[in-house]
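Below is one structure, written out as structure tokens; the observations come after it.
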Amino acid sequence: MSIFSIDETHDPQRQSWVESANGHSEFPIQNLPFGIAARAGQQPRPAVAIGDHVLDLAAIADLLPPQTHDALQAGDLNALFALDEAVRRALRQALSRLLSDPAHRARIEPALCPMADCTLHLPFTIGDYTDFYVGIHHATNVGKLFRPDNPLLPNYKHVPIGYHGRASSIRPSDVDVLRPRGQRKLPDAPGPIFGPTARLDYELELGVWIGQGNALGQPIPIGEAAAHIAGFCLLNDWSARDFQAWEYQPLGPFLAKNFHSTISPWVVTAEALAPFRIAQPPRPEGDPAPLPYLWDDKDQSAGQFSLALEVAIRTRTMREEGTPAAALSASNASDMYWTVAQLVAHHSSNGCDLRTGDLLGSGTISGATRDAFGSLLELTQGGAEPITLPNGEKRSFVEDGDEIILTAHAHRDGFASIGFGQNRATILPAIA
Ligand code: MN
87 MSIFSIDETH DPQRQSWVES ANGHSEFPIQ NLPFGIAARA GQQPRPAVAI GDHVLDLAAI
147 ADLLPPQTHD ALQAGDLNAL FALDEAVRRA LRQALSRLLS DPAHRARIEP ALCPMADCTL
207 HLPFTIGDYT DFYVGIHHAT NVGKLFRPDN PLLPNYKHVP IGYHGRASSI RPSDVDVLRP
267 RGQRKLPDAP GPIFGPTARL DYELELGVWI GQGNALGQPI PIGEAAAHIA GFCLLNDWSA
327 RDFQAWEYQP LGPFLAKNFH STISPWVVTA EALAPFRIAQ PPRPEGDPAP LPYLWDDKDQ
387 SAGQFSLALE VAIRTRTMRE EGTPAAALSA SNASDMYWTV AQLVAHHSSN GCDLRTGDLL
447 GSGTISGATR DAFGSLLELT QGGAEPITLP NGEKRSFVED GDEIILTAHA HRDGFASIGF
507 GQNRATILPA IA
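Numbered per our numbering, the sequence shown spans residues 87 to 518.
Shown next as structure tokens:
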């Protein structure tokens, strides 16, 4: 058994006695994502999403594998996801059994809380956050804005490009984002100015949560890398494009990226995503093969995910008029040039130690066509071609009062579809 295995927890016929879970577009019993939730007046505790409800795991710990008991009393998921994969699998199987067999209903039901009555917190105490750049269409689109004839730099197809981000400013969904102030230089101005960003953008990214880490100096081989990935989330890597353009040379992103990043609060486990694994799409003719430390046959055959990603916007006007969010783009995780296992293997290849609860971002995931571009920088050609929303409003970049919503869903014939829940946040004006 491994994270690649499909078992009875994936059975599409399995139903829950939590009626809202059956046919739920995000959290049917086949998903069972973990999070940290708190009811009003209570401490945040480990929980699982089931339909429209949240199950408090500490309250039913006596029914769960003994190795998980200490971890289920914590205020984060770090200890739980540091456990062996076999224990995590046993926990998932136990939860699936308890939530499907009506014989357990009377005992479990008091530990359920409507999701609407819970606050969801960061799932992990995040030690480190690294952001990659593996959306090749995004890299090409952004590169074209600067170098029309030569959008991808020579290293791109050899090395998974990344940089160290900042963990302290990561927040869960539904925490408002303050428009950042910073230094920027207008193209024709003699010098820089300091003030609110005029080019605030979102980035649609897949977030990767590290389960068991590695010791300093001991790289994770590519063939073992998938087992170190505990789960996934949606990551919005908010970006101030004007600060970025001025500050990024020669060391890369800094204050343009670290003022706030939003994650979806539910950890969709590697086990839940097992049915949605696909082969990494073959590289285009003429592209170099990855170096051996990044190549594994099993990873190439099952290391990518078929995961539909979407971005939507709800402006202040749309909220006031009661109109629904408007779709901005749709792409797929399989638009990544590298697999998530390759990211883990590469990150640790120099001996760098990854730790439980570390977050890796994929980089913006865009598709090949305009309707699949995962940032406004790409959708508006660097702000030159504003987009028009269904209600007639125009956008070059994100404005105060705008809410940006990221979603992800996995579908496969013969299996129950699952989702990630929402990653959403609203922009507040900069502090004067
Ligand atoms: Mn990013």
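Glycine included, C-beta positions come from ideal geometry on N, C-alpha and C.
Apart from the five residues just before and just after residue i, which ones in its own chain have a Cβ nearer than 6 Å to its Cβ?
i, result
"Thr425", "Gln366, Asp385, Gly389 and Gln390"
"Gly303", "Gly437"
"Ala147", "His155 and Leu158"
"Leu465", "Phe459 and Ile473"
"Ala123", "Ala133, Val140, Cys204 and Leu206"
"Phe506", "Leu320, Ser350, Val354 and Ala494"
"Ala311", "Ala427, Val430 and Ala431"
"His346", "Ser255, Val263 and Trp324"
Please work out which residues of its chain come closer than 7 Å, Cβ to Cβ, to residue i, disregarding the five sequence neighbours upstream and downstream, and give them in chain order.
i, result
"Pro305", "Ser434, Ser435 and Gly437"
"Thr403", "Asn477 and Glu479"
"Phe218", "Pro246, Ile247, Gly248, Leu429, Leu446, Gly447, Ser448 and Gly449"
"Thr442", "Asn164, Phe167, Ala168, Ile296, Gly297, Gln298 and Gly299"
"Phe90", "Ala360, Arg363 and Ala388"
"Leu177", "Leu150, Pro151 and Thr154"
"Ala144", "Arg131, Pro132, Leu158 and Gln159"
"Val173", "Pro151, Gln153 and Thr154"
"Ala301", "Asp439"
With hydrogens ignored, establish whether the beta-carbon of residue i is closer than 6 Å to any heavy atom of the ligand MN.
i, result
"Gly449", "yes"
"Glu289", "yes"
"Asp323", "yes"
"Asp217", "yes"
Does DSSP put residue i in a helix, in a strand, or in coil?
i, result
"His224", "helix"
"Trp295", "strand"
"Tyr334", "coil"
"Asn300", "coil"
"Gln269", "strand"
"Ser417", "strand"
"Arg131", "strand"
"Ile146", "helix"
"Gly309", "helix"
"Asn509", "strand"
"Ser434", "helix"
"Asp217", "strand"
"Phe345", "coil"
"Lys480", "strand"
"Glu289", "coil"
"Ala197", "helix"
"Arg402", "helix"
"Thr466", "coil"
"Tyr423", "coil"
"Asn236", "coil"
"Asn322", "strand"
"His190", "helix"
"Arg174", "helix"
"His497", "coil"
"Phe280", "strand"
Among residues of its own chain, excluding the 5 on either side of residue i, which ones have a beta-carbon nearer than 8 Å to its beta-carbon?
i, result
"Asn509", "Ser259, Cys319, Leu320, Leu321, Asn322, Thr348, Ile349, Ser350, Ile491, Leu492 and Thr493"
"Ser186", "Arg100, Gln101, Ser102, Trp103 and Ile115"
"Arg503", "The sequence shown places Ser at residue 503, rather than the Arg named in the question. Answer for Ser503: Ser111, Pro114, His495, Ala496 and His497, listed in chain order."
"Asp51", "This structure cannot settle anything about residue 51, because the visible part of the chain is limited to 87 through 518."
"Asp97", "Gln116"
When burial is assigned at 16 or more other CB atoms within 10 Å of the CB, is residue i buried or exposed?
i, result
"Leu65", "Look at the range of the chain in this structure, 87 to 518, and you will see that residue 65 is not part of it."
"Thr216", "buried"
"Ile279", "exposed"
"Pro374", "exposed"
"Glu407", "exposed"
"Gln330", "buried"
"Asp457", "exposed"
"Met87", "exposed"
"Ala225", "buried"
"Asp274", "exposed"
"Pro378", "exposed"
"Asp93", "exposed"
"Arg270", "buried"
"Pro339", "buried"
Check whether the Cβ of residue i sits closer than 6 Å to any heavy atom of the ligand SAH, and report yes or no.
i, result
"Ala398", "This structure lacks the ligand SAH; the ligands present are the ligand MN."
Residue i CB to nearest chain B CB: under 7 Å?
i, result
"Ala160", "Looking at the structure shown, chain B is missing, and only one protein chain is on hand."
Cβ contact (3+ pairs, closer than 8 Å) linking the stretch 429-437 and the stretch 292-304: yes
The stretch 275-290 contacting the stretch 242-251, beta-carbon criterion three pairs below 8 Å: no
Segment contact flag, the stretch 408-418 with the stretch 391-400, C-beta cutoff 8 Å, min 3 pairs: The answer is yes - the stretch 391-400 touches the stretch 408-418, with three or more Cβ pairs under 8 Å.
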